[in-house]
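Quick note: to get my numbering, add 4 to the position in the sequence shown (first position is 1).
C-beta: ideal position from N, C-alpha, C; glycine also.
I have placed the structure first, in the form of structure tokens, so that the comments after it can refer back to it.
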Amino acid sequence: MITQEMTQAVAMLRAGGLVAIPTETVYGLGADAKNESAVRRIFLAKERPYGHPLIVHLANVQQLTEWARDISPEAMRLAEAFWPGPLTLILKKQPQVLDLVTGGQETVGLRIPNHPVALALLRAFGSGVAAPSANKFTRISPTTAAAVRQELGEEVDLILEGGNCRVGLESTIIDMSGTVPVILRPGMVTAKAIMEVLGEPVSLSQQVVSHTRAPGMHLVHYAPLTKTVLVETAYISDYLQSLRPHDFPIALMTHSKCDFYKSDNTIHYVSMPHEAVPYAYDLYQTLRMLDNLHLKRILIEKVPECSEWDAIRDRLIKASHHSCIDKLF
Ligand code: TXA
Ligand code: MG
Numbered sequence: 005m006i007t008q009e010m011t012q013a014v015a016m017l018r019a020g021g022l023v024a025i026p027t028e029t030v031y032g033l034g035a036d037a038k039n040e041s042a043v044r045r046i047f048l049a050k051e052r053p054y055g056h057p058l059i060v061h062l063a064n065v066q067q068l069t070e071w072a073r074d075i076s077p078e079a080m081r082l083a084e085a086f087w088p089g090p091l092t093l094i095l096k097k098q099p100q101v102l103d104l105v106t107g108g109q110e111t112v113g114l115r116i117p118n119h120p121v122a123l124a125l126l127r128a129f130g131s132g133v134a135a136p137s138a139n140k141f142t143r144i145s146p147t148t149a150a151a152v153r154q155e156l157g158e159e160v161d162l163i164l165e166g167g168n169c170r171v172g173l174e175s176t177i178i179d180m181s182g183t184v185p186v187i188l189r190p191g192m193v194t195a196k197a198i199m200e201v202l203g204e205p206v207s208l209s210q211q212v213v214s215h216t217r218a219p220g221m222h223l224v225h226y227a228p229l230t231k232t233v234l235v236e237t238a239y240i241s242d243y244l245q246s247l248r249p250h251d252f253p254i255a256l257m258t259h260s261k262c263d264f265y266k267s268d269n270t271i272h273y274v275s276m277p278h279e280a281v282p283y284a285y286d287l288y289q290t291l292r293m294l295d296n297l298h299l300k301r302i303l304i305e306k307v308p309e310c311s312e313w314d315a316i317r318d319r320l321i322k323a324s325h326h327s328c329i330d331k332l333f
């Protein structure tokens, strides 16, 4: 059923407006991907530098060839296996796709989101919607309508309410435009799940892998304003003891069984889920809540090295600006 609000949202998009859209990953800031001045407004609202390409959201696979060309059978297999869902395919673009959307590249990012509100809007609109995460550039992506309001407020024409985002982290981005598939951004569709569909190995881009090797390489963060530090489980106690009185109050987020810690006046303790999927769901809401407490720092226990935690590890490294305590000092 098309609600009055949905009709209004479609009219906004047609008129070149900005509509915040709930998806299963995070809320997006949507504009008509074929309308250059509307897309330009996205960059202005987010304070995002031009040149950072946007993902175009579609309602169904039939729309794919309007945006992408030379789509390989492997890319189609991924689309069939994971769409609608939290996977973005990078494909060779059709000539008419706006440079502003692709950052001037020969490729375009495409995804069919799995959220009833997003799908209803995309179906009713009938064309591609360019939508980055609905946050200011470098900040934490919003996973609730209230968080969009906090981030962008007046700069959005309409915010569609869609509850809490079920996944909670941005989509996995896989480049399918070259000879081999490469994951550009890990998400909750894991490398292992992709490999199972393709039947061939899939590599993570050097940028993702080199997190630990080349600190400072990343320009884009998903960061709280509060200083955020990652700490190896074994060093949490030592780190806490090394802090001076003026370093408090702090937050401490752990996921392993650290019943040892309790909240008091100086430490706001958060016990996170032990499993990757519920941890991902909670992560941005928790960071946003802690950021709003204006503490001196946020301490986060490092998460496991295995593949189902790849996306979480990636976001935590970026959130902490590579500030990681992993040896005794
Ligand atoms: O889950 C998501 O992907 C959310 C929801 C709203 O769909 N969107 C999202 O968009 O996270 P954004 O703009 O915050 O991140 C999109 C990422 C950027 O890092 C951008 O560089 C990359 O996708 N990207 C988009 N098009 C690309 C292309 N043609 N080649 C390489 N990277 C691309
Ligand atoms: Mg983003």
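Secondary structure within the region 142 to 170: the alpha helix (DSSP H) runs of 4 or more consecutive residues, fully enclosed, are 149 to 156 (chain order). Cβ-Cβ distances below 7 Å link Pro-57 to Val-105, Thr-106, Gly-107, Gln-109 and Gly-113 in the same chain, with the five nearest sequence neighbours on each side left out; the list follows chain order. The nearest non-hydrogen atom of the ligand TXA is 8 Å or more from the C-beta of Gly-172. By the Cβ criterion, the region 224 to 238 is in contact with the region 285 to 304, since at least three pairs of Cβ atoms, one from each stretch, lie closer than 8 Å. In the three-state DSSP reduction, Thr-270 falls in the coil class, being neither helix nor strand.
Collapsing the DSSP output to three states places His-61 in a strand. Apart from sequence neighbours up to five positions away, the residues of its chain that approach Asp-318 with a beta-carbon distance below 6 Å are Pro-190, ordered along the chain. In the DSSP assignment, Arg-115 falls within the unbroken beta strand (DSSP E) covering 111 to 115. The alpha carbon of Arg-292 has as its nearest neighbour, out of Pro-228, Ala-128, Val-274 and Val-30, the alpha carbon of Pro-228. The beta carbon of Val-193 sits closer than 7 Å to those of Phe-86, Gly-89, Pro-90, Leu-91 and Thr-176, all from its chain and outside the five residues before and after it, given in chain order. Excluding sequence positions up to five before and after Leu-102, its CB lies within less than 8 Å of the CB of Ala-37, Lys-38, Glu-40 and Val-43, all in the same chain and listed in chain order. Note on Ala-24: 16 or more other CB atoms within 10 angstroms of its CB, so buried under the neighbour-count rule. Its chain contains Asp-179, Ser-207 and Ser-209 as the residues whose beta carbon lies nearer than 6 Å to that of Val-186, once the 5 sequence neighbours on both sides are disregarded; these appear in chain order. When DSSP reads this structure, Leu-256 sits in a beta bridge with Tyr-273 and Leu-303.
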